[in-house]
Amino acid sequence: MKDIEKKYAALFGIDRERWKIFKDYLISQSVEKNEYLLREGQYVNSLGFLITGALRTFYTDEKGNEISFLLQTDDSFFGDFGSYLTASPSRLNIQAIEPCEIWFIEKEALEGLYLTDIYWMQFGKQMAEKIFLDARQRIEELLYLNPEQRYLHLLAKTPELHKKIPQKYLSSYLGITPQSLSRIRKRISEN
């Protein structure tokens with residue numbers, strides 16, 4: 082098994098034989114910087130996995146401001162899971178911040194896998210739990226941490242993020258202005 086396949090089989094928690102089955106369902110796609118993978122109003126019929134690159138998931142508020150909800154880099158699941166589950170139009174946008182390599186799995190293919198083996202049903206459950214826990218963590222950060230704590234937590238979790246994500250998206254994600262983020266960065270660098 083190639084090193085890359087070993088890495089992703091381990092990351093997805095899939096043994097070697099099942100990985101051979103699973104990878105046949107994955108659709109590989111290269112995405113250019115600024116390209117949209119999802120626009121508000123579209124229906125979601127697949128889930129994505131970001132192999133390399135950086136994405137932002139955002140919504141537009143009533144004043145027309147783009148509010149970053151998620152910022153993701155290499156080895157991250159992405160998509161509007163709510164739209165995927167409910168077959169309702171998405172309220173989110175997902176855009177590449179830099180060139181990306183992505184895998185998609187179509188809902189129909191994944192549900193077909195569920196019917197072949199109880200293993201795949203368990204796999205789907207674990208994926209859903211991971212997506213839920215990531216969303217819960219984001220909500221808890223917004224509720225319980227101040228902007229500086231959110232920034233430090235983000236750096237600890239994904240240290241390369243500040244190199245890949247423009248300051249305007251980072252500050253929006255943290256719920257502050259770019260000027261406030263500059264002050265936080267300055268304060269941190271002085272300590």
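So in my numbering, spot 5 of the sequence shown is number 86, and the numbers just go up one at a time. Yeah, the Cβ is synthetic: ideal placement off N, Cα and C, and Gly gets one too.
| Check | Outcome |
| --- | --- |
| DSSP three-state call for Leu-92: helix, strand or coil? | helix |
| Quick one: what does DSSP say Ile-265 is sitting in, helix, strand or coil? | helix |
| Can you name the residues that DSSP bridges to Ser-157? | Leu-131 |
| How far does the alpha helix (DSSP H) with Tyr-117 in it reach, from first residue to last? | Careful: Tyr-117 lies outside any alpha helix (DSSP H), inside the beta strand (DSSP E) at 117-119. |
| Taking C-alpha atoms, which residue in Leu-196, Gln-248, Leu-191 lies nearest to Ser-149? | Gln-248 |
| Quick check on the burial criterion: 16 or more other C-beta atoms within 10 angstroms. Buried or exposed for Tyr-254? | buried |
| Identify the residues that DSSP records as bridge partners of Leu-223: which are they? | Paired residue(s): none; Leu-223 is not in a bridge. |
| I'd like the ranges of any beta strand (DSSP E) spanning at least 3 consecutive residues and lying wholly in the stretch 178-202. | none |
| Would you tell me roughly how many angstroms separate the C-alpha atoms of Gly-193 and Ser-157, rounded to the nearest one? | 23 angstroms |
| The beta strand (DSSP E) that contains Gln-110, what's its start and end? | 108-112 |
| With 16 as the cutoff for other CB atoms within 10 Å, does Ala-90 come out buried or exposed? | buried |
| Taking the alpha-carbon positions, what's the Met-82 to Asp-142 distance? | In this prediction, Met-82 has a pLDDT of 46, which is less than 50 and means its spatial position is unreliable; what the coordinates show is noted afterwards. If I take the Cα positions, the gap works out to 47 angstroms. |
| Count the CB pairs spanning the stretch 176-195 and the stretch 105-112 that are closer than 8 angstroms, and state whether there are at least three. | yes |
| Should the stretch 117-125 be called in touch with the stretch 214-226, which here means at least 3 C-beta pairs below 8 angstroms? | no |
| Under 8 angstroms Cβ to Cβ from Arg-268, same chain only, skipping five residues before and after it: list those, please. | Glu-229 |
| Pull up the distance between the alpha-carbon of Leu-236 and that of Ile-178, whole angstroms please. | 18 angstroms |
| Where does Ile-257 fall in DSSP's three states? | coil |
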